[in-house]
Amino acid sequence: MRKEILINAALSEIRVAITENGRLAELFWELPEKERHIGNIYLGRVDRIVQGMNAAFVDIGLDQAAFLHFSDAGELDADDDGDDDDDDTDSRRQSPPTTNPNAVTTTANDDEQLSDVAAIALRKKSTPSAAANFPMPTFFTRRVGEVTISLEVGQLVMVQVTREAYGTKGLRVTTKISLPGRYLVLLPFSNSIGVSKKIWDFRERKRLRAMAKSILPDDIGCIVRTEAAEHDDATLRKDLQDLVTKWERVQEQIKTLEEPEPMLLHNDVSLARSFIRDLLTADVSHVVVDSKQLYNDLKEYAEWAAPHLAHKVKWYAAKEPIYEAFALTQEIERATAKSVPLVYGGYLVWDYTEAMTVVDVNSGRFAADRDQEVNALRTNIEAAREVARQIRLRDIGGMIVVDCIDMTQEQNRRRVVEELYRATRADRAQVTVYPITQLGLLQMTRKRVRQNILQVVTEPCPTCNGAGVVPSVATVISDIERWLRRFTTTRSLQTPKAPPPKSPAGRAEKRFATPTEKNAPPAKTKESSAEREFTLVLKVHPRVAQELAAGTFSRLARLMLRFFVKIRLEQDERLRHEEFHFFSVRRQRDITAEY
Numbered sequence: 001m002r003k004e005i006l007i008n009a010a011l012s013e014i015r016v017a018i019t020e021n022g023r024l025a026e027l028f029w030e031l032p033e034k035e036r037h038i039g040n041i042y043l044g045r046v047d048r049i050v051q052g053m054n055a056a057f058v059d060i061g062l063d064q065a066a067f068l069h070f071s072d073a074g075e076l077d078a079d080d081d082g083d084d085d086d087d088d089t090d091s092r093r094q095s096p097p098t099t100n101p102n103a104v105t106t107t108a109n110d111d112e113q114l115s116d117v118a119a120i121a122l123r124k125k126s127t128p129s130a131a132a133n134f135p136m137p138t139f140f141t142r143r144v145g146e147v148t149i150s151l152e153v154g155q156l157v158m159v160q161v162t163r164e165a166y167g168t169k170g171l172r173v174t175t176k177i178s179l180p181g182r183y184l185v186l187l188p189f190s191n192s193i194g195v196s197k198k199i200w201d202f203r204e205r206k207r208l209r210a211m212a213k214s215i216l217p218d219d220i221g222c223i224v225r226t227e228a229a230e231h232d233d234a235t236l237r238k239d240l241q242d243l244v245t246k247w248e249r250v251q252e253q254i255k256t257l258e259e260p261e262p263m264l265l266h267n268d269v270s271l272a273r274s275f276i277r278d279l280l281t282a283d284v285s286h287v288v289v290d291s292k293q294l295y296n297d298l299k300e301y302a303e304w305a306a307p308h309l310a311h312k313v314k315w316y317a318a319k320e321p322i323y324e325a326f327a328l329t330q331e332i333e334r335a336t337a338k339s340v341p342l343v344y345g346g347y348l349v350w351d352y353t354e355a356m357t358v359v360d361v362n363s364g365r366f367a368a369d370r371d372q373e374v375n376a377l378r379t380n381i382e383a384a385r386e387v388a389r390q391i392r393l394r395d396i397g398g399m400i401v402v403d404c405i406d407m408t409q410e411q412n413r414r415r416v417v418e419e420l421y422r423a424t425r426a427d428r429a430q431v432t433v434y435p436i437t438q439l440g441l442l443q444m445t446r447k448r449v450r451q452n453i454l455q456v457v458t459e460p461c462p463t464c465n466g467a468g469v470v471p472s473v474a475t476v477i478s479d480i481e482r483w484l485r486r487f488t489t490t491r492s493l494q495t496p497k498a499p500p501p502k503s504p505a506g507r508a509e510k511r512f513a514t515p516t517e518k519n520a521p522p523a524k525t526k527e528s529s530a531e532r533e534f535t536l537v538l539k540v541h542p543r544v545a546q547e548l549a550a551g552t553f554s555r556l557a558r559l560m561l562r563f564f565v566k567i568r569l570e571q572d573e574r575l576r577h578e579e580f581h582f583f584s585v586r587r588q589r590d591i592t593a594e595y
């Protein structure tokens with residue numbers, strides 16, 4: 001497979017496209033207003049603990065509190081909480097750590113001078129409640145049973161972001177801190193040593209585990225990544241030394257704080273650098289960058305992290321836009337489209353909700369065979385391949401439901417599921433596929449880490465607030481009619497004041513006015529303003545105005561006759577589709593909000 005990484009840098013964004021055999025496979029966006037949080041380490045304060053949700057909410061200095069599930073807190077293993085990690089094993093040091101003369105150098109730590117708050121954040125000391133055996137939050141796991149979580153409200157805790165915010169949900173964080181490098185992942189609060197499951201050779205796994213054990217400092221664990229295979233001790237030591245230095249900087253920030261507050265402790269590498277660190281492997285043909293400044297930065301990083309692959313980083317200097325030169329522009333535009341065409345005439349329709357993504361499979365004009373079952377099977381198999389490609393390209397996570405074309409034979413349903421399973425093998429995210437239900441729904445889940453492409457590059461419509469629909473013209477006219485009804489009802493309820501009582505002689509009684517009353521101006525009656533309003537100006541969107549004025553006996557004329565008021569119609573293109581305003585001719589102001 002020919003694999004390429006193409007990076008486009010503009011003033012306001014960075015785009016990274018990964019192609020496989022010339023076809024777009026993955027796409028990532030980095031925008032200034034959509035700050036990237038994945039991998040960042042924060043010092044947070046526990047805001048509240050909700051035992052009924054098995055979770056705590058942590059203030060990390062951002063607008064919205066982060067979500068910390070109990071399964072992401074404490075010393076639980078990945079297998080204990082059901083979260084599988086494709087790059088980890090569950091091996092641990094079988095003996096207590098001892099001073100290792102070959103370990104990488106670390107700065108001497110003076111734990112005796114740590115404040116209580118800093119010691120708790122660095123897990124050098126238990127919380128007061130835990131030390132006093134007060135009741136603490138608990139969490140039940142399948143393998144371990146009930147586990148006590150050492151958290152209390154107001155406690156400072158170090159957390160790392162594992163999932164970006166989406167919808168109304170905030171960032172998801174974990175207390176299991178990890179610092180990824182090119183060949184190793186440092187685990188500062190663990191003593192486990194793991195080797196990537198993708199390294200199959202038993203001897204190589206054993207060698208890498210022994211090598212990692214020989215260079216690790218005391219009380220620190222690591223995961224040996226797939227790229228470490230066939231590399232020597234010096235290469236791993238160099239990567240580990242860089243990670244240990246980063247971790248020491250994080251610790252120093254906490255130790256030097258006089259009054260610890262929620263703050264950012266460590267910012268992960270940029271999006272472009274993360275691809276050099278994680279994806280620049282031997283099977284990548286080249287990395288092409290169209291920005292000279294970004295090229296120099298990535299070239300320098302590649303020469304440090306992977307010198308044997310640094311020659312694959314190249315600068316694109318042509319005038320033609322890089323994605324047009326590689327024929328990717330149309331595919332990138334299609335990555336955010338609601339409808340995606342299939343090769344043989346069918347198409348997919350995508351709809352997004354906060355809970356799930358729904359895909360509708362339509363056969364379109366495809367009917368190559370006289371048998372409906374055969375046509376449905378072909379369309380569904382083609383749709384399964386395209387769905388697998390699109391969820392990877394759009395970076396869609398969570399629950400995904402595909403409404404397949406109905407098939408009566410169970411073996412055909414199994415073929416569609418098997419095809420989807422095969423197509424998702426190339427996906428780096430964890431994907432689980434379930435059988436097709438009796439209603440023809442194919443259900444699957446994909447691990448959510450980032451916002452999907454649509455959430456990154458779009459924002460809710462200010463007119464419909466993201467609903468995707470606006471009130472119909474008939475509904476807007478009905479709203480106008482209801483306003484006029486309220487207006488005329490208020491006018492009719494405000495009747496004029498009764499005349500003064502008359503004397504028995506039939507003349508109105510006179511009274512003597514005081515000198516003050518003689519000089520005073522005539523008193524204003526408390527007559528309603530609506531009582532004397534008979535002419536109004538109505539401003540609406542041109543489309544609504546066209547419907548109001550259409551016909552020989554228009555709707556506007558009928559409204560004027562029904563409510564006995566003259567209405568002068570005006571169009572305003574600046575108004576939203578459902579917006580209208582009534583203006584008083586006599587008072588020269590907008591009176592819409594008054595009725």
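Numbering (our numbering), first residue to last: 1 to 595. Even for Gly, the Cβ is constructed at its ideal location relative to N, Cα and C.
| query | result |
| --- | --- |
| Contact the stretch 322–332 vs the stretch 18–30: 3+ CB pairs below 8 Å | yes |
| Simplified DSSP assignment, three categories, for A550 | coil |
| Spatial neighbours of L559 in its chain, beta-carbon cut-off 7 Å, leaving aside the 5 residues before and after | E481, L484, I567 |
| Proximity below 7 Å, CB of L171 to CB of A121 | no |
| Straight-line Cα distance separating L265 from E117 | The sequence shown places Val at residue 117, not Glu. Approximately 16 Å, taken between the alpha carbons. |
| N- and C-terminal bounds of the alpha helix (DSSP H) containing A423 | 410–423 |
| Contacting residues, own chain, Cβ-Cβ under 8 Å from V173 (five flanking each side not counted) | Y42, G44, V58, I60, A66, F67, L68, D72, V159, Q160, V161, T162 |
| Member of D351, I400, Q430, L441 whose CA lies at the smallest distance from the CA of N380 | L441 |
| CA nearest to the CA of L548, picked from T592, A474, V537 | A474 |
| Distance between A55 and F139 (C-alpha atoms, nearest Å) | 9 Å |
| Length of the line joining the Cα atoms of R207 and D201 | 10 Å |
| Residues near R365 by beta carbon distance below 6 Å, same chain, minus five either side | G345 |
| The stretch 5–17 in contact with the stretch 239–246 per 3-pair CB rule at 8 Å | no |
| Reference C404; option with closest CA among Y421, V359, S150 | V359 |
| First and last residue of the uninterrupted alpha helix (DSSP H) at F275 | 271–279 |
| Identified DSSP bridge partners for D63 | Looking at the DSSP assignment, D63 forms no beta bridge with any residue, so it has no partner. |
| Alpha-carbon to alpha-carbon, L62 and P135 | 30 Å |
| Local Cβ density within 10 Å of F564, reported as buried at 16 or more and exposed below that | exposed |
| Identified DSSP bridge partners for D360 | V349, D403 |
| Contact check, A335 vs I453, beta carbons under 7 Å | yes |
| Cβ-Cβ distance between D290 and Y316 below 7 Å | yes |
| Top-ranked residue by Cα proximity to M356, from I215, T445, R491 | T445 |
| N412 beta carbon less than 7 Å from that of D268 | no |
| Between the CA atoms of K338 and I7 - distance to the nearest angstrom | 25 Å |
| For E459 and T148, the rounded distance between their alpha carbons | 41 Å |
| Closest by C-alpha distance to N362, when choosing among E354, T353, A384, E579 | A384 |
| Three-state secondary structure (DSSP) of F580 | strand |
| Boundaries (first-last residue) of the beta strand (DSSP E) holding E570 | 566–571 |
| Neighbourhood of R543 by C-beta, 8 Å cutoff - its chain only, sequence neighbours within 5 removed | V473, H577 |
| Contacts around E594, its chain only, beta-carbon distance under 8 Å, and the 5 residues preceding and following it disregarded | none |
| Residue burial classification, A388 (beta-carbon count within 10 angstroms, cutoff 16) | buried |
| Local Cβ density within 10 Å of D395, reported as buried at 16 or more and exposed below that | buried |
| Alpha-carbon spacing of L536 relative to F583, whole angstroms | 6 Å |
| Where S339 falls: helix, strand or coil (DSSP) | strand |
| Nonlocal neighbours in the same chain, by C-beta distance under 8 Å from E373, ignoring five residues either side | M407, T408, Q409, N412 |
| Other residues of its chain near T281: CB distance less than 7 Å, five sequence neighbours each side excluded | E227 |
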